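Report on the structure given below.
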Amino acid sequence: MTEQLIDLSGVGMIYEAASGPVEALAGISLKVGTGEFVSLVGPSGCGKSTLLRIVAGLRPATSGTVTVAGRQVARPIADIGMVFQQPILLKWRSILQNVLLPAELAGKDPSALKNRAHQLLDMAGLNGFAAKLPRELSGGMQQRAALCRALLLDPPLLLMDEPFGALDAMTRDDMAIELLRIWGETSAARKTILFVTHSIPEAVFLSDRVVVMSARPGRIAADFKVDLPRPRTIECRASEAFGRLSLDIFKELSHRASATTVAA
Numbered sequence: 004m005t006e007q008l009i010d011l012s013g014v015g016m017i018y019e020a021a022s023g024p025v026e027a028l029a030g031i032s033l034k035v036g037t038g039e040f041v042s043l044v045g046p047s048g049c050g051k052s053t054l055l056r057i058v059a060g061l062r063p064a065t066s067g068t069v070t071v072a073g074r075q076v077a078r079p080i081a082d083i084g085m086v087f088q089q090p091i092l093l094k095w096r097s098i099l100q101n102v103l104l105p106a107e108l109a110g111k112d113p114s115a116l117k118n119r120a121h122q123l124l125d126m127a128g129l130n131g132f133a134a135k136l137p138r139e140l141s142g143g144m145q146q147r148a149a150l151c152r153a154l155l156l157d158p159p160l161l162l163m164d165e166p167f168g169a170l171d172a173m174t175r176d177d178m179a180i181e182l183l184r185i186w187g188e189t190s191a192a193r194k195t196i197l198f199v200t201h202s203i204p205e206a207v208f209l210s211d212r213v214v215v216m217s218a219r220p221g222r223i224a225a226d227f228k229v230d231l232p233r234p235r236t237i238e239c240r241a242s243e244a245f246g247r248l249s250l251d252i253f254k255e256l257s258h259r260a261s262a263t264t265v266a267a
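Residue numbers (this note's numbering): 4 to 267.
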């Protein structure tokens, strides 16, 4: 049985807005096993990004419990990597210096991690760009650098918030393949990834499970197992199983959206 790395139980989130309290999440219970790749999909504003921040300890839940690696999350946790929709690289620092930033923030000697940083850049196909500034790289290359930065301290957990959303379709496909390769799709020592996306095909292609969230307040509406062989290739998107599962997830999302519209 897979050991659980993330355990959310009855998690709710209410925040104060100018017009009054807003319930962003309600009754979220979710378990993610060690080494699993789990994607969250759902309508805009359903609380997917908020849920990632709660898991990271960047925002406290107003109800329920959050446990990561057997410890209850009450403050920001150090042993995670986060990747956002934009690379958020410091424009005045070289790519290598950007990748080494987590070492500085953690109070570690960056020079002791230079070899690892170069190995990660090499693995991501950026070995010749360590001295370049972010503006000298394409969007996809910058996002690969951001992924290397997230991996520098070898965290067991990666939280990814629509990291490919701003990329063109071809670069997005390339990045999905790159992510699976860096993740170690065929390795027994894979990291755990919680991945937010609006793209159903992307979620199915990458994941072991796809979790569908309802409109606000966000709840777990469905949890689909992706029973497709690994390693995944672009060709697998043409398979009947891929299309059937993508359609089932689409129908679940459409049903939830229709129910919300009728209720409104």
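A virtual CB, placed ideally from N, CA and C, is assigned to each residue, including glycine. The model shown is predicted, which means the values in this text are computed figures rather than measured ones.
Requested in this report: Reducing DSSP to helix, strand and coil, say where S47 ends up.
Outcome: Note: S47 maps to coil in three-state DSSP.
Query raised in the report: When you compare each of D10, L8, L54 and V35 to M216 by their alpha carbons, which one comes out closest?
Result: L54
Requested in this report: Give me whichever residues DSSP pairs with S66 in a beta bridge.
Outcome: G15
Query - Euclidean distance between Cα positions of R193 and F227 - result: 20 Å
**Report entry** Alpha-carbon to alpha-carbon, L197 and G36
**Finding:** 10 Å
Query - Per-residue burial, L108 [other beta carbons within 10 Å of its own, 16 or more giving buried] - result: exposed
**Report entry** 6 Å Cβ shell around D10 - same chain, five flanking residues per side excluded
**Finding:** K34 and T70
Query raised in the report: K254 to T200, Cα distance in whole Å?
Result: When rounded, the distance between both Cα atoms is 17 Å.
Requested in this report: Give the DSSP-derived three-state secondary structure of V35 in the structure shown.
Outcome: Reduced to three states, the DSSP call for V35 is strand.
Query raised in the report: Taking Cβ positions only, does S249 come closer than 8 Å to chain D?
Result: Of the chains in the structure shown, none is chain D; there is only one protein chain.
Query raised in the report: Which residue or residues does DSSP assign as beta-bridge partners of I223?
Result: Assignment of beta-bridge partners to I223 by DSSP yields M216.
Requested in this report: Classify A64 as buried or exposed, calling it buried when 16 or more other Cβ atoms lie within 10 Å of its own Cβ.
Outcome: buried
Requested in this report: Tell me whether L170 sits in a helix, a strand or coil according to DSSP, three-state version.
Outcome: coil
Query raised in the report: What residues in its chain sit with their C-beta under 8 Å from that of K94, if we drop five residues either side in the sequence?
Result: L136, P137 and R138
Query raised in the report: Under a three-way DSSP split, which group does D230 fall into?
Result: coil
Query raised in the report: To the nearest angstrom, how far is it from the Cα of D176 to the Cα of V25?
Result: 36 Å
**Report entry** I252 classed as buried or exposed, judged by whether at least 16 other C-beta atoms fall within 10 angstroms
**Finding:** Label assigned to I252: buried.
Query raised in the report: When burial is assigned at 16 or more other CB atoms within 10 Å of the CB, is E238 buried or exposed?
Result: exposed
**Report entry** The alpha helix (DSSP H) enclosing D125, as first and last residue numbers
**Finding:** K117 to M126
Query raised in the report: Quick one, are the C-beta atoms of A127 and E181 less than 8 Å apart?
Result: If you check the CB distance, A127 and E181 come in under 8 Å.
Report task. Can you grab the Cα-Cα spacing for the pair S114 / R240, in whole Å? Result -> 42 Å
Query raised in the report: Near V76, what residues of its chain come up, given a Cβ to Cβ distance below 6 Å and the 5 sequence neighbours on each side ignored?
Result: G60 and V69
Query raised in the report: Where does D164 land, buried or exposed, given buried means 16+ other C-beta within 10 angstroms?
Result: buried
Report task. Within its chain, find whatever has a CB closer than 7 Å to the CB of I203; leave out the 5 residues flanking it on each side and keep chain order. Result -> The answer, listed in chain order, is V44, S249, I252 and F253.
Query raised in the report: What is the rounded straight-line gap between the Cα of A133 and the Cα of L104?
Result: Going by the C-alpha atoms only, they are around 13 Å apart.
**Report entry** Closest residue to V214 among L8, P46, G15 and A27 (Cα-Cα distance)
**Finding:** Selected option, being the one with the closest Cα: P46.
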